[in-house]
Each structure stands twice: as C-alpha cells, then as structure tokens.
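J.: Below: one structure in structure tokens.
There are 2 protein chains.
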Amino acid sequence: MSIPAPRTRIQEKNRTTILEAGLDVFSKFGFRGSTLDQIADAAGMSKPNLLYYFASKEAIHTELLQGLLETWLDPLRDMQADGDPVTEILNYVRRKLWMARDFPRESRLFANEILQGAPRIQDDLQGDLKKLVDAKAEVIRGWSADGKIAAVDPHHLIFSIWALTQHYADFDVQVRAVLGGADPFPGAQSYLEQLFGQLLRV
Amino acid sequence: MSIPAPRTRIQEKNRTTILEAGLDVFSKFGFRGSTLDQIADAAGMSKPNLLYYFASKEAIHTELLQGLLETWLDPLRDMQADGDPVTEILNYVRRKLWMARDFPRESRLFANEILQGAPRIQDDLQGDLKKLVDAKAEVIRGWSADGKIAAVDPHHLIFSIWALTQHYADFDVQVRAVLGGADPFPGAQSYLEQLFGQLLRV
DNA sequence: TCTTGATTTGACCAACTGGTCAAACGAACG
DNA sequence: CGTTCGTTTGACCAGTTGGTCAAATCAAGA
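Protein chains in written order, with the working numbering: chain A, 60 to 261; chain B, 60 to 261.
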C-alpha cells in the first residue's frame with residue numbers, strides 16, 4: 060500500500076545492498092552512532108547515491124526495523140495450540156536460539172532500539188506484539204489448565220525465552236569473554252532444554 | 060592509586076552531580092547518542108564547567124563504567140560456598156532482580172556498552188570478570204557434585220541469571236508494552252523463583 | 001581591603017554529519 | 001549517431017558537537 064515496489068532490477072539490488080550495509084552498521088553502533096558515510100562505505104557507493112535510493116538515514120533504519128519485526132516473531136506465531144505443549148515450547152526456544160546464533164545483527168539492532176526506549180516502534184509493541192503475545196499466553200494458560208504443563212505465568216515464560224536466547228546475541232562479547240572465546244551455543248542449547256524441561260514438567 | 064581523590068568538598072559535589080547527570084543521559088542515549096550539552100544541562104552547569112572537572116566526554120563515561128563494574132558484581136561475590144546452595148543461588152537471583160528494578164540506568168549503561176562490543180571494558184571482562192565467574196562456577200560445580208543441587212552447567216546458569224534479571228531493566232519498555240503498563244517485578248520475582256527452584260532441585 | 005587561587009562561563013573553533021544540487025555518466029532505443 | 005531517462009558523484013552547505021581559552025567571578029585568608 061504505502062511502498063510501491065521498486066521497479067528495475069538494479070534498484071532492487073541496490074536497495075538490498077544498502078539495507079544489508081545499514082544492518083551491519085546500525086547493529087554495531089546504534090542509530091545515532093552510525094553515519095551515512097559509514098553505511099555508504101559498507102555498501103560500496105557514494106553518500107548521495109544512498110540518498111537516491113532512501114530518503115534519509117532514518118528511512119533506512121525504519122525499513123530495517125519494520126522488515127525485522129515482521130519475521131522476528133514468526134517462531135512465536137508458529138507455536139500451535141494443538142501440538143504437544145512441551146514440544147511446542149521447546150521448539151520455540153530452539154528456533155529463537157538459532158536466530159540469535161544465525162542473525163545476531165538483527166537481534167542487536169532490535170536491542171538497540173528497545174534500549175533507547177523504542178522511539179520508532181513503540182506503537183508496534185503496544186499493538187501487534189501485545190496482541191500476539193496475549194493470544195499465545197492464552198494458549199499456554201490453557202495447556203497449564205489442562206495439566207499438560209506446570210502452572211507458570213505465561214507472559215513471564217515468554218519474556219524468559221526472549222531474554223535467554225537474545226542474551227547470547229546481544230551480550231556475545233561478554234559471554235565469549237567469560238568462556239574464554241569458546242562457542243557458547245551448543246552449551247546454551249542443552250542448558251536451555253534442561254531449564255525449560257524442568258520448569259514445564261508436571 | 061591512579062585517581063588522587065578530589066580535594067575540596069565542592070569538587071566532590073560537582074563531580075558527583077556530573078556523574079549522576081552523565082548516567083542519566085548515557086543510559087538513555089548511549090555514548091555517541093549523548094552530547095556534552097545534554098549532560099551539562101542535566102547537571103545544571105555550563106559545558107566548559109563540565110570540562111573543568113572531567114577531561115573529556117569519554118572520561119565521564121569511563122569513570123561511570125569503572126565505578127559500575129566494581130559494585131555491579133557484589134551480589135555474585137557474596138555467593139558463599141558454605142551457605143545453603145539453593146538459598147545462595149536464589150538470593151543471588153533476587154538481588155540481581157532488585158538491582159534491575161532499583162538501578163535500571165546502570166543496567167542500561169552496561170548493556171549499551173556490551174552491545175557496542177564493549178570497546179572500553181573488554182579487558183575487565185576477560186580479566187576480573189572471567190576470574191570471578193570461573194571461581195563461582197567452581198563453587199556451583201561443587202554443589203552439583205555433592206548432590207546438593209541438580210547437575211547444571213555453571214557458566215550458563217550464571218548467564219541465565221544475568222539475562223533474566225537484566226532483561227527487566229534493559230527491555231523495560233517492551234515488557235511494559237506487552238503487559239499493558241503493569242509493574243512486571245512482582246510477577247517476575249515469583250516466576251524466577253519457580254524457574255530456578257525447579258531447575259536446581261535434585 | 002587586597003591578594004591569591006579556585007571556579008565559572010561566553011565566545012569561539014575545527015571537525016563531523018545529514019542532506020542538497022547540478023553536472024556527469026551510462027544504457028537502451030529510435 | 002543522438003536522444004532520453006535512470007543512475008552516480010564531486011562539491012558544497014548549514015547545523016551540531018567536542019573541546020579550548022581568556023576573561024570574569026567568587027571565596028578565603030592576610
């Protein structure tokens with residue numbers, strides 16, 4: 060509706076290149092810490108050329124965040140009420156952990172935005188996100204009521220899954236510093252399966 | 060050793076005022092997102108006056124981080140090998156959660172620094188922090204070996220405590236958006252006690 | 001009161017940053 | 001070959017920002 064899809068193939072390609080470069084830079088330095096020159100450099104083109112494809116620095120950032128919000132919640136959306144409860148929840152944990160491992164820049168971009176008070180996505184949080192979480196919390200509450208998992212606060216369960224998985228992306232340098240550089244993800248996965256397995260069992 | 064304590068009482072007071080203002084601004088906007096003018100405003104003094112007490116913007120930031128690092132880990136230091144294991148760990152969780160509730164700015168300042176790759180405190184992470192965590196991990200491993208708590212990966216246990224407690228400070232806007240503005244901390248505390256209680260019981 | 005040293009600030013500067021613009025370039029098509 | 005239209009960029013600009021400096025103010029002791 061608002062964005063008439065870019066026409067030519069070269070436009071498509073350059074917009075993608077810019078968004079990729081923007082993700083790289085924004086996730087590393089935050090919005091205010093990033094400069095158009097940095098992004099232009101990373102994208103291998105001149106600053107005015109950036110602004111030929113995007114109206115402003117903010118436009119790049121906004122498009123990244125919106126695109127991210129859309130896909131970031133897919134694993135939660137896929138949690139099915141009619142699946143096996145423990146399996147559904149543990150699968151959600153696993154998929155979120157893999158996203159932290161495979162898309163740490165996206166996680167950090169998001170973390171940066173929330174840390175600064177979510178100035179650009181607060182509406183999405185209070186709207187779509189809240190609706191989705193409330194719906195899934197109801198599903199979890201149902202599982203508890205049916206005695207299929209332990210009685211837990213569904214909202215805090217979801218928060219804890221977010222916190223524990225994103226931590227490995229957002230605090231990567233700290234985790235690796237403490238572990239002496241070792242890959243934290245294998246250990247994280249079995250720890251999280253143990254943690255949530257114990258929590259949920261009736 | 061390195062810092063000859065400020066002499067006069069007025070210096071003491073002004074440095075404190077500036078650090079307080081710096082914490083306020085840095086925790087909200089990050090290092091690059093904050094300006095000396097903002098900090099001077101918040102401190103109620105002129106910009107050159109700031110720089111009479113601190114050599115640079117970076118000096119304020121560094122002093123905040125160093126002071127923070129010192130006290131931030133006190134709850135972990137206080138975990139005693141000869142206490143009751145579950146009590147010791149649950150007390151650590153509680154104290155960390157209270158810190159997230161009572162000192163969210165400090166938590167966000169730290170999160171900002173780590174997110175950007177910890178450019179100013181990487182040495183501390185790989186040095187003192189790693190040493191402390193390794194020592195406490197050994198204590199926890201001992202508890203597990205003695206059958207006093209379940210067998211868990213001690214490092215990931217500590218990471219999970221950090222992640223779950225700091226999440227309520229760092230992602231405050233998101234948590235409150237999803238909860239519709241309600242205070243998350245009471246619910247968080249009982250959820251976390253349940254979570255770690257289940258995990259640790261033998 | 002006068003002197004001295006600490007404190008405070010208005011004015012200023014150089015570097016940086018987001019963004020503009022006119023001109024140049026390139027490819028497809030007649 | 002020449003026109004046209006999409007693409008690219010060097011040069012530039014105004015606002016911001018970290019930091020400087022000399023001058024002004026203040027407080028306390030002689």
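Here a beta-carbon is modelled for each residue, glycine too, at the ideal position from N, C-alpha and C.
All values reported here derive from a predicted model rather than from experimental measurement.
Using a Cβ cut-off of 9 Å, which residues of the stretch 84-114 of chain A contact any Cβ in chain B, in chain order?
T.: Listed by position, the residues of the stretch 84-114 of chain A near chain B (Cβ gap below 9 Å) are SER86, LYS87, PHE88, GLY89, PHE90, ARG91, GLY92 and SER93.
J.: With a threshold of 6 Å on Cβ separation, who are the neighbours of ASP212 (chain A) within its own chain once the five nearest residues in sequence on each side are excluded?
T.: Nothing listed; no residue qualifies.
J.: What do you get for PRO63 (chain A), buried or exposed, if any count of 16 or more other CB atoms within 10 angstroms of its CB means buried?
T.: Because PRO63 (chain A) sits at a pLDDT of 49, beneath the cut-off of 50, its placement in the model cannot be relied upon, and the following sentence gives the value as read from the coordinates. Label assigned to PRO63 (chain A): exposed.
J.: Can you find at least 3 beta carbon pairs, one from the stretch 157-165 of chain A and one from the stretch 197-217 of chain A, that sit closer than 8 Å?
T.: Because the criterion of three Cβ pairs below 8 Å is not met, the stretch 157-165 of chain A and the stretch 197-217 of chain A do not touch.
J.: With 16 as the cutoff for other CB atoms within 10 Å, does LYS195 (chain B) come out buried or exposed?
T.: Buried is the call here.
J.: Taking a Cβ distance cut-off of 8 Å, strictly less, list which residues of the stretch 158-176 of chain A are near chain B, in chain order.
T.: Correct list: ARG167, ALA170, ASN171, ILE173, LEU174, GLN175 and GLY176.
J.: For chain A, find out if any of its Cβ atoms is closer than 8 Å to the Cβ of HIS120 (chain B); answer yes or no.
T.: Chain A contact via Cβ: absent.
J.: Residues of the stretch 214-230 of chain A with a CB closer than 9 Å to any CB of chain B: list them in chain order, please.
T.: Under the 9 Å Cβ criterion, the stretch 214-230 of chain A contributes HIS214, HIS215, LEU216, ILE217, PHE218, SER219, TRP221, ALA222, LEU223, THR224, GLN225, HIS226, TYR227, ASP229 and PHE230.
J.: With DSSP collapsed to three states, give me the class of MET158 (chain B).
T.: MET158 (chain B) falls in the helix class under three-state DSSP.
J.: Note down, one range per segment and in chain order, each alpha helix (DSSP H) of at least 4 residues found wholly within the stretch 112-142 of chain B.
T.: Correct list: 116-131 and 133-136.
J.: CA-CA distance, LEU110 (chain A) and ALA102 (chain A)?
T.: If I take the Cα positions, the gap works out to 12 Å.
J.: Since GLY206 (chain B) meets chain A, which of its residues come closer than 7 Å, beta carbon to beta carbon?
T.: Chain A residues near GLY206 (chain B): none, gap ~16 Å exceeds 7 Å.
J.: Is the CB of GLY81 (chain B) under 8 Å away from at least one CB in chain A?
T.: No, GLY81 (chain B) does not count as interfacial toward chain A.
J.: Hey, is the stretch 224-240 of chain A in contact with the stretch 183-190 of chain B, meaning 3+ C-beta pairs nearer than 8 Å?
T.: With a cut-off of 8 Å, the stretch 183-190 of chain B and the stretch 224-240 of chain A count as touching, because enough Cβ pairs lie within range.
J.: Restricting to Cα atoms, I'd like to know which of A:PHE230, A:LEU132 and A:ASP96 is closest to ALA80 (chain A).
T.: Checking every option, the nearest Cα to that of ALA80 (chain A) belongs to A:ASP96.
J.: For SER219 (chain A) and LEU254 (chain B), which I take to be in contact (beta-carbon distance under 8 Å), what is that distance rounded to the nearest angstrom?
T.: Indeed they touch by this definition, with Cβ atoms about 7 Å apart.
J.: Three or more C-beta pairs closer than 8 Å, one from the stretch 134-145 of chain A and one from the stretch 142-158 of chain B: is that the case here?
T.: Result no; under three Cβ-Cβ pairs closer than 8 Å.
J.: For chain A, find out if any of its Cβ atoms is closer than 8 Å to the Cβ of GLN233 (chain B); answer yes or no.
T.: So yes, GLN233 (chain B) belongs to the interface.
J.: My assumption, with CB atoms under 8 Å, is that GLN248 (chain A) sits in contact with ARG153 (chain A). Please give the rounded CB distance.
T.: Confirmed, about 7 Å.
J.: Go to ILE208 (chain B), then tell me how far its alpha helix (DSSP H) extends in each direction, as first and last residue.
T.: Careful: ILE208 (chain B) lies outside any alpha helix (DSSP H) and carries neither H nor E.
J.: Between the beta-carbon of LEU128 (chain A) and the beta-carbon of ILE199 (chain A), is there less than 8 Å?
T.: Contact flag unset, no.
J.: Which chain B residues sit within Cβ distance under 8 Å of GLN125 (chain A)?
T.: Here the premise fails: no neighbours, minimum Cβ distance about 16 Å.
J.: Exposed or buried, what is ASP242 (chain B) when buried is set at 16 or more other beta-carbons lying within 10 Å of its beta-carbon?
T.: Classification of ASP242 (chain B): exposed, given that the 10 Å Cβ count is below 16.
J.: Taking the alpha-carbon positions, what's the PRO178 (chain A) to THR121 (chain A) distance?
T.: About 11 Å.
J.: Are there 16 or more other CB atoms within 10 angstroms of the CB of LEU259 (chain A), so buried, or fewer, so exposed?
T.: Under this definition LEU259 (chain A) is a buried residue.
J.: Return yes when the Cβ of ARG167 (chain B) is within less than 8 Å of the Cβ of ASP229 (chain B), no when it is not.
T.: Against a cut-off of 8 Å, the Cβ pair of ARG167 (chain B) and ASP229 (chain B) comes out as a contact.
J.: Are the C-beta atoms of GLN21 (chain A) and some chain B residue less than 8 Å apart?
T.: Here chain A covers residues 60 to 261 and nothing more, so residue 21 (chain A) does not appear.
J.: Starting from LEU135 (chain A), find everything on chain B with Cβ-Cβ shorter than 8 Å and list it in chain order.
T.: The premise fails here: LEU135 (chain A) is roughly 12 Å from chain B at the closest Cβ pair, so nothing lies under 8 Å.
J.: For a contact meaning CB atoms closer than 8 Å, what does ALA236 (chain B) contact in chain A?
T.: Under the 8 Å cutoff, chain A gives ALA177, GLN181, LEU184, GLN185, LEU188 and LYS189.
J.: With 8 Å as the threshold, decide whether the Cβ of ASP212 (chain A) is near any Cβ in chain B.
T.: Interface residue, yes.
J.: Nearest by alpha-carbon distance to MET158 (chain B): which of B:THR67, B:GLN225 and B:LEU251 is it?
T.: It is B:GLN225.
J.: Which residue marks the beginning of the alpha helix (DSSP H) containing SER249 (chain B), and which one marks its end?
T.: Unbroken alpha helix (DSSP H) run through SER249 (chain B): 244-259.
J.: Short of 7 Å in beta carbon distance, which residues of its chain neighbour LEU251 (chain B), apart from the five on each side in sequence? Order them along the chain.
T.: Cβ neighbours of LEU251 (chain B) beyond the five flanking positions: VAL152, LEU156 and LEU223.
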